[in-house]
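See structure below.
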Amino acid sequence: MKVVITAGVLLSLSMLNAAATTQDDAFQKNAHDYIEHYLQANPEEATELGDHRFDGQLTDYSPEARAKDLATQKEFRDKLNSIDGSQLTGANNIDFRILKENTDYQIFQAEELRAPEWNPLVYMQSLANSLYLLVARDFASPEKRIPNLRQRMEKIPRVIAQAKANLQHPPRVHTETAIEQTQGAISLVREGLAPLLDQSPRMKKDLTPLQEKTAAAMEDYKKWLQNDLLPRSDGDFRLGAEKYRKKLRFALASDLSMEEIMKHATADLQQTQTAIYETALPLYKKYFPSADPAAAGLADKHKVTAGVLDKLAEQHPDDATVVDYAKKIVTEATDFVKQHDLVTVPNMPLDVIAMPEFKRGIAIAYCDAPGPLDKTGKTFFAVAPTPKDWSKERRESFFREYNNYMIRDLTVHEAMPGHFLQLARANEFRAPTLVRAIFQSGAFVEGWAVYCEQMMAEQGYGGPEVKMQQLKMRLRAICNAVLDQSIHAGNMNEKEAMDLMMKEGYQQEGEAVAKWKRARLTSAQLSTYFVGATEHLDLRAAEQRKLGKDFNLKKYNDQVVSYGSPPVKYVRELMGL
Numbered sequence: 001m002k003v004v005i006t007a008g009v010l011l012s013l014s015m016l017n018a019a020a021t022t023q024d025d026a027f028q029k030n031a032h033d034y035i036e037h038y039l040q041a042n043p044e045e046a047t048e049l050g051d052h053r054f055d056g057q058l059t060d061y062s063p064e065a066r067a068k069d070l071a072t073q074k075e076f077r078d079k080l081n082s083i084d085g086s087q088l089t090g091a092n093n094i095d096f097r098i099l100k101e102n103t104d105y106q107i108f109q110a111e112e113l114r115a116p117e118w119n120p121l122v123y124m125q126s127l128a129n130s131l132y133l134l135v136a137r138d139f140a141s142p143e144k145r146i147p148n149l150r151q152r153m154e155k156i157p158r159v160i161a162q163a164k165a166n167l168q169h170p171p172r173v174h175t176e177t178a179i180e181q182t183q184g185a186i187s188l189v190r191e192g193l194a195p196l197l198d199q200s201p202r203m204k205k206d207l208t209p210l211q212e213k214t215a216a217a218m219e220d221y222k223k224w225l226q227n228d229l230l231p232r233s234d235g236d237f238r239l240g241a242e243k244y245r246k247k248l249r250f251a252l253a254s255d256l257s258m259e260e261i262m263k264h265a266t267a268d269l270q271q272t273q274t275a276i277y278e279t280a281l282p283l284y285k286k287y288f289p290s291a292d293p294a295a296a297g298l299a300d301k302h303k304v305t306a307g308v309l310d311k312l313a314e315q316h317p318d319d320a321t322v323v324d325y326a327k328k329i330v331t332e333a334t335d336f337v338k339q340h341d342l343v344t345v346p347n348m349p350l351d352v353i354a355m356p357e358f359k360r361g362i363a364i365a366y367c368d369a370p371g372p373l374d375k376t377g378k379t380f381f382a383v384a385p386t387p388k389d390w391s392k393e394r395r396e397s398f399f400r401e402y403n404n405y406m407i408r409d410l411t412v413h414e415a416m417p418g419h420f421l422q423l424a425r426a427n428e429f430r431a432p433t434l435v436r437a438i439f440q441s442g443a444f445v446e447g448w449a450v451y452c453e454q455m456m457a458e459q460g461y462g463g464p465e466v467k468m469q470q471l472k473m474r475l476r477a478i479c480n481a482v483l484d485q486s487i488h489a490g491n492m493n494e495k496e497a498m499d500l501m502m503k504e505g506y507q508q509e510g511e512a513v514a515k516w517k518r519a520r521l522t523s524a525q526l527s528t529y530f531v532g533a534t535e536h537l538d539l540r541a542a543e544q545r546k547l548g549k550d551f552n553l554k555k556y557n558d559q560v561v562s563y564g565s566p567p568v569k570y571v572r573e574l575m576g577l
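This is the structure in structure tokens:
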């Protein structure tokens, strides 16, 4: 995407806004300049978003570059503070607030979080994802992408040197995960670039020496992580209450406070446990017809619920079949959405793939949609087989968790009508600036996906067996929020976390182990599911109260996803609720 194209789009869109004010002009110029700076400073993210002007660059993690970026962020904040937001018209009114919040968040991360000094996973964006992004999507010919691949590989030793200089005392779990992911990055460099390089044998041959040199540099980095950084990885993985409160406010952009989130989560935990028991009871009688009601203890909610979930877990895929099974379920869910007229389905491609090795180890699946600046790309629904070094028992536990019914619910969340549909519609949103396209709300995106799980279950998708999984996932979203806050703003230990997930949330041990790891590696992100879903459900209820019998589910859903991916509070404002 060229600058002249971006400027042209901005100009044409601003011309459409006949009521634009001088404050609109000032905001649009500052927004354009800010985004230009942001993309240049974060070239890997620019590639992911679909702007390919910086495809040969990697982020500069040096203290000097970070200090310069912080100063620039503060300059932009001052410029934004000089604009009278009340005078802004159309989409600018909300996008101005989104940009101000994002600028404050960037400053907070640079001044207080300082992740490049303690989180080795930060560097994986440059060491692995930067290369994968050039291979995964056919956004340009191999003759254009391979030279950028070369330029990025040539810069990897500089990133490694900066990581070694910056990292001091990380939390041990972060370093251990970085070691695992670096091995995945080595495999990517040696083997994973083939889909692109095989398209140009001559360029592939020319790149072979650099490939080996890059892999060797990563091997050396992995040894450094193991032998130098790991022994001094004694940092605290807990963010601390003060920093967590601030980060949560930025990450969620919600009016709910930390205390209110915990209060809602605690209440919803009990309500959802009751709902899953009531769904399980007739299934228990169905699957265990000869059981003596007295002996079976049907009043024991946990026993009945766990018994049904265990029975459903018997039907599951394995490493060899999980990707193909997910493909089948995507088709099934899409047909259901169309037949029940729940939301307009976009005419866009979706590829179900095995998750790249360097991305495994944190989540079971993710939706990799084309960037908002890439209007023609595919969406990837990546599903992770288990790591090769897992024991048979751990692998069995994992797939009992992600059984046939759970994969249906997961597909609703990640693909149809969850992330795939919502992000495809978000990419159609147009405004005078690219603010809303680039700085999307995680709580809106994840909240929509969790809301879709409940909506599909309400409509009968998959019957009570899938509803069991939806309610279990609802419990998981609640537990995620409790874990997130209890770990980073409290002192929750591993046993307490495992008890919460397995006893209160009915999770399998393998999933709970992975979530305990993820909860320590991330902060604030795990709360987006529960908070976002709560806000989406409250929004729908408000619209139903407003319209009464005139409420139409498809019309409502289409309207909600028509605004891009802003914080839900702004969607409520746009809908006049």
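Numbering (the numbering used here), first residue to last: 1 to 577.
We treat Cβ as the ideally placed atom computed from N, Cα and C, and that holds for glycine.
Bear in mind that the values here come from a model prediction, so they are computed numbers and not experimental data.
**Report entry** Closer than 7 Å: Phe27 CB and nearest the ligand MG heavy atom
**Finding:** Within the structure as shown, the ligand MG is missing, as the structure has no ligands at all.
Query - Contact the segment 166–177 vs the segment 118–125: 3+ CB pairs below 8 Å - result: yes
**Report entry** Exposed unless 16 or more other CB atoms sit within 10 angstroms - verdict on Arg152
**Finding:** Looking up residue 152 in the sequence shown gives position 152. That one is buried.
**Report entry** Alpha carbon of Leu526 to alpha carbon of Lys205, nearest angstrom
**Finding:** The count along the sequence shown starts at 1 and reaches residue 526 at position 526. The count along the sequence shown starts at 1 and reaches residue 205 at position 205. Each residue's alpha carbon lies about 44 Å from the other.
Query - Closest Cα partner of Asp318 within the set Thr379, Glu401 and Phe420 - result: Sequence index remark: in the sequence shown, residue 318 carries index 318 (1-based). Ranking Thr379, Glu401 and Phe420 by Cα distance to Asp318 puts Glu401 first.
Query raised in the report: To which residues of the same chain is Val345 closer than 8 Å at the C-beta, ignoring the five residues directly before and after it?
Result: For the purposes of this step, residue 345 is taken as the residue at position 345 of the sequence shown. The residues are Thr334, Val337, Lys338, Met416, Pro417 and Leu421.
Report task. Could you tell me the distance, in whole angstroms, from the CA atom of Arg158 to the CA atom of Leu188? Result -> Sequence index remark: in the sequence shown, residue 158 carries index 158 (1-based). Sequence index remark: in the sequence shown, residue 188 carries index 188 (1-based). Using only the alpha carbons, I get a separation of about 19 Å.
**Report entry** First and last residue of the uninterrupted beta strand (DSSP E) at Phe381
**Finding:** As a first step, residue 381 must be located in the sequence shown, where it is residue number 381. That run of the beta strand (DSSP E) goes Thr379 to Val383.
Requested in this report: Given a cut-off of 8 Å, decide if Ala514 and Ala477 are closer than it, judged by their beta-carbon atoms.
Outcome: Here residue 477 refers to the residue found at position 477 when the sequence shown is read from its first residue. Here residue 514 refers to the residue found at position 514 when the sequence shown is read from its first residue. Not closer than 8 Å, so no.
Query raised in the report: What residues are listed by DSSP as bridge partners for Leu350?
Result: Your numbering for residue 350 matches position 350 in the sequence shown. Partner(s): Thr379.
Query - Residues near Arg578 by beta carbon distance below 6 Å, same chain, minus five either side - result: Outside the displayed span of the chain (1 to 577) sits residue 578, for which this structure offers no information.
Report task. Report yes or no: do the segment 91–107 and the segment 63–78 share at least 3 C-beta pairs separated by less than 8 Å? Result -> yes
Report task. Taking only the alpha-carbon atoms, compute the straight-line gap between Lys213 and Ala163 and give it to the nearest angstrom. Result -> Against the sequence shown, residue 213 aligns to sequence position 213. Against the sequence shown, residue 163 aligns to sequence position 163. Cα to Cα, the separation comes out at about 18 Å.
Query raised in the report: Taking buried to mean at least 16 other C-beta atoms within 10 Å of its own C-beta, is Pro567 buried or exposed?
Result: Residue numbering aside, residue 567 sits at position 567 when the sequence shown is read from its first letter. The residue in question, Pro567, is buried, as its Cβ has 16 or more Cβ neighbours within 10 Å.
**Report entry** Contact set for Tyr529: own chain, Cβ-Cβ below 6 Å, skip 5 residues either direction
**Finding:** For the purposes of this step, residue 529 is identified with residue 529 of the sequence shown, where counting begins at 1. These residues qualify, in order along the chain: Glu446, Val450, Ala477 and Asn480.
Query raised in the report: Thinking C-alpha only, which one of Val383, Lys301, Glu278 and Thr331 is nearest Val323?
Result: By one-based count along the sequence shown, residue 323 stands at place 323. Here the closest residue by C-alpha is Val383.
Report task. Compute the distance between the beta-carbons of Glu112 and Lys243, then report whether it is under 8 Å. Result -> Here residue 112 refers to the residue found at position 112 of the sequence shown. Here residue 243 refers to the residue found at position 243 of the sequence shown. A contact, by the Cβ cut-off of 8 Å.
Requested in this report: Decide if the segment 190–199 is in contact with the segment 92–103; the criterion is three or more beta carbon pairs, one per stretch, under 8 Å apart.
Outcome: no
Requested in this report: Please determine, among Ser562, Ile487, Gln559 and Ser233, the residue with the shortest C-alpha to C-alpha distance to Leu167.
Outcome: In the sequence shown, the residue the question calls residue 167 occupies position 167. The residue with the shortest Cα to Cα distance from Leu167 is Ser233.
Query raised in the report: When you compare each of Ile487, Gln73, Leu210 and His52 to Asp33 by their alpha carbons, which one comes out closest?
Result: Residue mapping note: residue 33 aligns to position 33 of the sequence shown, counting from 1. Ranking the options by Cα distance to Asp33, first place goes to Gln73.
Query raised in the report: Should Pro291 and Val308 be called a contact, given that it needs their Cβ atoms to be closer than 8 Å?
Result: Here the question's residue 291 lines up with position 291 in the sequence shown. Here the question's residue 308 lines up with position 308 in the sequence shown. One detail in the question is off: residue 291 reads as Ala in this sequence, not Pro. No. Outside cutoff.
Query raised in the report: Any contact of the segment 21–38 with the segment 85–95, i.e. 3+ C-beta pairs under 8 Å?
Result: yes
**Report entry** Spatial distance of Arg518 from Ile487 (CA atoms)
**Finding:** Here the question's residue 518 lines up with position 518 in the sequence shown. Here the question's residue 487 lines up with position 487 in the sequence shown. Going by the C-alpha atoms only, they are around 11 Å apart.
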